[in-house]
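Novice: Here it is, the structure in full.
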Amino acid sequence: MFISPLVQSLRVLRWRKDPVVCVAYAVFLAIFIFLACLPFSVAAQTMQVRKFHFALHPFGSWAVGQFIPSMYNFHNRLVVSYAPLHELDAAQEQAPRRITTVNHYSFHPIYFDRDRQRLISDQPLHLYALTNYRGREWMTPCVLISQGNVIHMQIGATDEPAQR
Amino acid sequence: MSLPSADAFAERVVVAARIVVAMWLVGWTCKCVVLLEYFFKTLVSHPMVHEFFPAVFRSALVAQAAYVLPVLALPVFFSRRQAWFCVAAVVMAVSSALLLMHQDSASDATFETSFWVGAWLVWFSFSMRRRDQEFLTHARSLALCVVAIQFCGAFVGKCTPEYWSGQVLADMFMEQKQGLFASWIGSHFDQATIRISFQWISKFLIVGEGVFALAPLLPYRLVCCVGIPFMLSFALFRSWMIYSVLMCLIGLLIAGWWLMAKAVADISSASSSRKYPM
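Each protein sequence line maps, in turn, to chains A and B. In case it helps, this note's numbering puts the first sequence at residues 1 to 164. In case it helps, this note's numbering puts the second sequence at residues 1001 to 1278.
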């Protein structure tokens, strides 16, 4: 009869002999429970999206969240504009807008880009991280301001999820 | 049933650890040309400042040191001393953790999978002197748990109509055409055909990830025989750089298979010795 590797391990697991293994299984179980709740819990989804948008405060919470596997999650897009989105209708020609579908973190193209020179600009660059998941959309605004070759990134608060 | 000799057991464990370290380093360095330029040139010439991160996790020096520190893992291939394996494991886990929390590298999944494999190796290396069968049983099960949580995380994040329909993957493929295969596809098929193909590729990917999220409950050989080619196939639809994320997981599976195969061989050998005593 087939016995799965996990069951084989649990059968011989003893706290006194393998406390570290016991703790490891507890950590794995906690992560599995969190991930299993993700499709159903708006709070968990918002937490993961804020992690993706670097908008989960305080830093310690975000750092802990980094260790929760989320390989290429959600439908992420990055909107790049030279004017805030709410001003675009009035300034369409002066504010070219580019929307990119991103695998993994929404701001990934900004960080992991060897050609950061293209981010250097006399005027602020407005970025919007958009994430869609199961009928909801979250948006986090960001402004890049260049001072010489240094790029300052100011990420705002993530909007509450909007139904799509 | 006779236990295998202490030397055979130790040899088995050392080889398994070396497999994990080797594949981890392959994944860590497979995009070193890109990352070395990024860490040592881009971060210095155009630093990004995001106040959300503490100063230590904005420092280019910290990122540079964390990326090259795993060179300290190399002695495991020349020495069998447990101390070197422990140093390698700790360095691997700490470097991954630092880069996972660093401003300029947090958005790369490489460091997340590398951390979990490094953490497994920390436990394994510090327990290497054990000679009981339970050690190997736990090692294999924990390896499958590491693989499973990666794919569980990947799976739940794709439980959406946009992914299931292939729209997201097709959009990424169109916008970010990478790799020789992707370029070939782009030049030989029109957009409509590509989008229809991605309807099925997406389903294949999501179902596969869902199955491997259950890895600890499946036969080990099945997970290896199907899971490793599944992971290797990712490069068909993305660039080869995806291997920076997956190589460490592949190494972990191979190491567990090695432990299991050698255990079966040792049992067979012990059984033969009883039947045909010298």
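Where is the CB? At the ideal position from N, CA and C, for every residue including glycine.
How close, in whole Å, do the beta carbons of Phe67(A) and Phe1115(B) come, if the pair is a contact with beta carbons under 8 Å?
Specialist: 7 Å
Novice: Chain B beta carbons: is any one of them nearer than 7 Å to that of Leu56(A)?
Specialist: With respect to chain B, the C-beta atom of Leu56(A) has no partner C-beta closer than 7 Å.
Novice: Per DSSP, what kind of secondary structure is Met139(A) in: helix, strand or coil?
Specialist: strand
Novice: Just checking: is the beta-carbon of Leu1222(B) within a distance shorter than 7 Å of some beta-carbon in chain A?
Specialist: no
Novice: For Met1048(B), which beta-bridge partners are listed by DSSP?
Specialist: Ile151(A)
Novice: Just to confirm before moving on: does the CB-CB distance between Val1207(B) and Met1128(B) stay below 7 Å?
Specialist: no
Novice: Look up Arg1131(B) in the DSSP assignment and say whether it is helix, strand or coil.
Specialist: coil
Novice: What does the alpha-carbon distance come out to for the pair Ile44(A) and Leu29(A)?
Specialist: As written in the sequence, residue 44(A) is Ala, which differs from the Ile given in the question. So the two alpha carbons sit approximately 16 Å from each other.
Novice: So is Ile33(A) buried or exposed if we call it buried at 16+ other beta carbons inside 10 Å?
Specialist: exposed
Novice: Check the Cβ-Cβ distances between Phe74(A) and every residue of chain B, and say whether any is below 7 Å.
Specialist: yes
Novice: On a Cα-Cα basis, can you pick out the residue from Cys22(A), Tyr133(A) and Tyr82(A) that is closest to Asn76(A)?
Specialist: Closest by alpha carbon: Tyr133(A).
Novice: One question on the structure: do Gly1166(B) and Phe1198(B) come within less than 7 Å of each other, judged by their Cβ atoms?
Specialist: In contact: Gly1166(B) and Phe1198(B) (Cβ atoms closer than 7 Å).
Novice: I need the boundaries of the beta strand (DSSP E) containing His75(A), first residue and last residue.
Specialist: His75 to Ser81
Novice: Taking its Cβ as the centre, do 16 or more other Cβ atoms sit within 10 Å of Trp1200(B), making it buried, or is it exposed?
Specialist: It counts as exposed.
Novice: Counting only the same chain and skipping the five closest in sequence on each side, list residues whose C-beta sits under 7 Å from that of Ala55(A).
Specialist: Thr140, Ile155, Ala157 and Thr158
Novice: Please state whether the Cβ-Cβ distance between Val1071(B) and Val1062(B) is less than 7 Å.
Specialist: no
Novice: Only counting the same chain, and skipping five residues up and downstream in sequence, which positions put a Cβ closer than 8 Å to that of Ile1242(B)?
Specialist: Same-chain partners within the cutoff: Phe1234 and Ala1235.
Novice: In the DSSP assignment, find the beta strand (DSSP E) that holds Arg98(A) and state where it starts and stops.
Specialist: Arg97 to Val102
Novice: Does Arg11(A) pass the burial test, meaning 16 or more other C-beta atoms within 10 Å, or should it be called exposed?
Specialist: exposed
Novice: What ranges does the alpha helix (DSSP H) occupy inside the region 27–75 of chain A, keeping only unbroken runs of at least 4 residues that lie completely in it?
Specialist: Those alpha helix (DSSP H) runs which fall completely within the region 27–75 of chain A and span 4+ residues are 42–52 and 59–66.
Novice: Do Tyr72(A) and His104(A) come within 7 Å of each other at the CB atom, strictly closer than that value?
Specialist: yes
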